[in-house]
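Scroll down for the structure; my scribbles are underneath it.
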Amino acid sequence: MDKTSVGEKKRVISKKYLRPRWNFLSQDRKGVLHINNVSVNDLEKNYGTPLYIMVENEIRDRLRRFKAAFNTYEKLKPQYACKCNSNLEILKIVREEGFELDVSSVGEIILGLLADFSPEQITFTNLYKTEQDILFAAKVGVRAVTADSLEEIRRIGTVAQKLQTKIRLFIRINPNIRYGNKLQKIHEFGTPLLAAKYGIPISYAKKAITLAKSYDNIELIGFHFHGGYIPNYKVYFQAANKLLKLAKYCKDTYSINILDIDLGGGFPVQYKDEAIFTPEEMGKKFIRYFKKSLVKYDLQWPNLVFEPGKFIVANAGIGLVKIISKKPTKTKRILVTDGSTYAMLPDPLIYKTYYDILPATQMSLPRVRKYDIAGCTCDCIDILGSNRILPILKENDILAIMDTGAYSNAMASNFNNLKRPPMVMIKDTGAVKLIRRRDRYSEMFGPELDVLKVADPKEMKKFYNLFRINIKKVWGSNGKK
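Going by the numbering used here, the first residue of the sequence shown is number 35, and it counts up by one from there.
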């Protein structure tokens with residue numbers, strides 16, 4: 035990867051774009067954005083657009099910050115929420131920084147093992163697991179399987195009996211938390227309240243404990259709480275208190291010492307300049323409260339588990355897209371890009387997430403135009419950003435969409451049969467590593483081609499002939515797309 039010429043002076047980006055969380059950004063004299071000293075022009079030249087970019091030192095810094103915030107509790111066991119970005123290179127960084135892994139599928143268990151996590155460092159938590167899923171997790175030997183319902187406790191018990199082996203169990207509790215006068219919402223964009231989808235209602239918690247205890251091959255070792263997006267850290271205090279009360283009940287009623295209290299994730303991140311709480315603000319206050327509560331309920335110190343995901347990777351991600359056309363209308367100016375809310379950044383479409391958008395190749399020009407930034411798919415709601423004030427831009431200018439490290443690649447689809455973008459990791463040295471290549475048509479169509487291969491071998495020959503076409507030779511392309 036070419037870097038800025040030796041001796042060329044870089045400077046902090048213009049104040050009109052600068053955010054404190056982007057300390058890895060700079061720009062050159064031509065107004066071209068640099069990410070950890072790497073020019074976006076060089077990134078586009080080498081990897082094409084659209085492109086996902088992750089900044090390694092930002093990920094490591096946030097992992098270290100999180101651990102340091104709660105380090106006054108000796109049995110802290112932070113887990114990274116794999117679902118928000120499960121790229122193997124990111125998982126390896128997470129492991130190197132001393133985190134364990136929260137997974138939500140057999141696929142994520144496999145990824146964790148490929149990233150050299152030990153099974154004991156993996157907890158399997160989701161809303162529904164088949165008997166085959168549970169069997170796989172038990173055979174691998176994960177730390178625990180989390181039951182989300184009474185039905186799932188029975189399912190886990192059935193598998194444990196068939197295997198004649200102990201399965202360690204967490205029970206996920208819905209604690210029906212309130213602060214102020216309202217039920218705490220689990221997401222700022224109006225998704226269901228805490229009383230809705232996740233976990234066993236706390237009014238059924240004792241029934242769940244009794245049910246788990248009825249299976250000889252289930253070992254109840256922990257309680258779990260899922261809060262989604264949590265804007266007020268007092269929610270964790272209330273959740274901890276309710277889970278510790280259940281731990282007290284287990285001790286007094288069944289002589290069970292609960293080994294793990296898992297308070298989930300939900301730590302907020304900034305997408306605009308909104309005020310949010312940080313782990314540093316919460317950490318020491320929470321640990322003091324947690325220790326006092328353990329003494330109050332006469333409990334042995336359990337492992338304290340948190341599952342940050344978005345907090346770790348969201349602000350470390352950037353999406354690069356290229357302007358492919360301008361569409362002036364009577365009411366709006368539209369910039370159409372080669373990116374998409376479907377194949378690249380689903381959150382603006384699903385949750386109406388706001389991403390800051392920077393004119394990555396025109397950082398020095400004055401902002402004088404209001405644009406809507408559109409994706410390239412055949413859907414009128416494919417809009418990456420609305421009413422953005424930017425310089426006068428043109429075809430082939432590059433836009434940097436900020437804070438896209440969480441739930442982007444993980445949720446992207448192949449709508450319109452578009453290829454999902456590649457992903458690169460920029461290290462603190464400025465070295466760039468490809469950590470996911472662009473999709474291939476052969477992979478995208480594989481499930482259908484496999485069926486056609488059985489049903490009509492002659493039809494398959496047409497596809498194979500298409501795949502043999504050397505696009506680079508025919509079109510003179512550099513092959514990056």
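Beta carbons: idealized from backbone N, C-alpha and C, even for Gly. This structure is a prediction, so every number in the text was calculated from the model and none was measured.
If you drop the 5 nearest sequence neighbours on each side, which residues of the same chain put their C-beta closer than 8 Å to that of residue i?
i	result
Met478	Asn448, Asn451 and Lys453
Pro456	Tyr81, Gly82, Leu85, Tyr86, Leu468, Arg470, Arg471 and Arg472
Cys414	none
Cys412	Asn450
Glu154	Gly175, Val176 and Arg177
Asp150	Lys126 and Arg129
Arg519	Residue 519 lies beyond the range of the chain shown here (35 to 515); nothing can be said about it.
Asn75	Val66, Thr395 and Ile432
Suppose you measure from the CA of residue i to the CA of residue j; what does that come to, to the nearest Å?
i	j	result
Ile127	Arg94	7 Å
Lys268	Ser138	26 Å
Ile190	Met397	56 Å
Ala309	Ala172	42 Å
Val140	Asn349	27 Å
Ser60	Ala434	13 Å
Ile264	Pro313	12 Å
Gln195	Phe320	39 Å
Tyr556	Gly480	No answer is possible for residue 556: the residues shown for the chain start at 35 and end at 515.
Glu576	Asp294	The question about residue 576 has no answer, for the chain in this structure spans 35 to 515.
Leu122	Val458	12 Å
Leu483	Ser476	8 Å
Asp381	Asp431	23 Å
Tyr162	Gly300	20 Å
Ser237	Phe170	31 Å
Gly77	Leu147	Contrary to the premise, residue 77 reads as Leu rather than Gly in this sequence. For Leu77 and Leu147, the distance between alpha carbons rounds to 31 Å.
Ile460	Leu383	27 Å
Ser73	Ala394	9 Å
Phe100	Lys330	27 Å
Lys240	Thr287	10 Å
Lys200	Ala246	12 Å
Thr106	Asp136	22 Å
Lys276	Val355	46 Å
Tyr389	Ser374	13 Å
Ile357	Leu52	22 Å
Lys111	Asp307	30 Å
Ala296	Asn57	Sequence check: residue 296 is Asp here, not Ala. Answer to the nearest angstrom: the Cα atoms are 32 Å apart.
Assuming residue i and residue j make a contact with CB atoms under 8 Å, what is their CB distance in whole Å?
i	j	result
Tyr441	Cys116	That pair is no contact at about 12 Å.
Phe257	Ile205	6 Å
Leu278	Ser327	5 Å
Thr157	Arg177	5 Å
Ser183	Ile234	6 Å
Gly439	Val339	Rounded, the Cβ-Cβ distance is 22 Å, inconsistent with contact.
Within the same chain, show all residues whose beta-carbon is closer than 7 Å to that of residue i, passing over the 5 residues directly before and after it, in chain order.
i	result
Val402	Pro425 and Ile426
Ser120	Glu142, Leu145 and Ala444
Ile292	Ile255, Gly256, Phe257, Ala281, Cys284 and Pro336
Arg98	Glu131
Ile187	Ala181, Ala242, Leu245 and Ala246
CB-CB under 6 Å to residue i, same chain, minus the five flanking residues each way: which ones, in chain order?
i	result
Ile368	Lys361, Asp406 and Ala408
Ser359	Val370
Gly523	With the chain running from 35 to 515 in the structure shown, residue 523 is simply not present.
Given that a residue counts as buried once 16 or more other Cβ atoms are within 10 Å of its Cβ, and exposed if not, what is residue i?
i	result
Asp437	buried
Val66	buried
Thr180	buried
Lys344	buried
Pro400	exposed
Gln198	exposed
Pro465	Reading the sequence as shown, one finds Ala at residue 465 and not Pro. Classification of Ala465: exposed, given that the 10 Å Cβ count is below 16.
Val46	exposed
Gln113	buried
Pro226	Note that Pro226 scores a pLDDT of 44, beneath 50, so its modelled location is shaky; the value from the coordinates is reported in the next line. Counting Cβ neighbours within 10 Å, Pro226 comes out exposed, since fewer than 16 surround it.
Phe223	At Phe223, the pLDDT of 31 sits below 50, so the modelled position is not reliable; the number obtained from the coordinates is stated separately. That one is exposed.
Ala273	buried
Thr463	exposed
Asp372	buried
Pro54	exposed
Thr164	exposed
Arg96	buried
Nearest chain D C-beta to residue i closer than 8 Å, yes or no?
i	result
Ile346	Among the protein chains of the structure shown there is no chain D, as only one such chain exists.
Next on the checklist: Report the start-end ranges of each beta strand (DSSP E) in the region 222-272 that is 3 residues or longer and not cut off at the edges.
Outcome noted: 252-258
Checklist entry - If you scan the region 446-496 from start to end, which runs of the alpha helix (DSSP H) of 4 or more residues do you find wholly inside it? => result DSSP runs (the alpha helix (DSSP H)) wholly in the region 446-496: 475-478 and 480-489.
Item to check | Complete beta strand (DSSP E) runs within the region 73-140 (minimum length 3 residues, chain order) | outcome: 85-89, 113-115 and 134-137
Next on the checklist: Could you tell me which whole alpha helix (DSSP H) segments of length 4 or greater appear in the region 381-426?
Outcome noted: 381-384
Item to check | Uninterrupted alpha helix (DSSP H) stretches inside the region 293-373 (no shorter than 4 residues) | outcome: 313-330 and 344-347
Item to check | Entirely enclosed alpha helix (DSSP H) segments - the region 171-221, minimum 4 residues | outcome: 184-197
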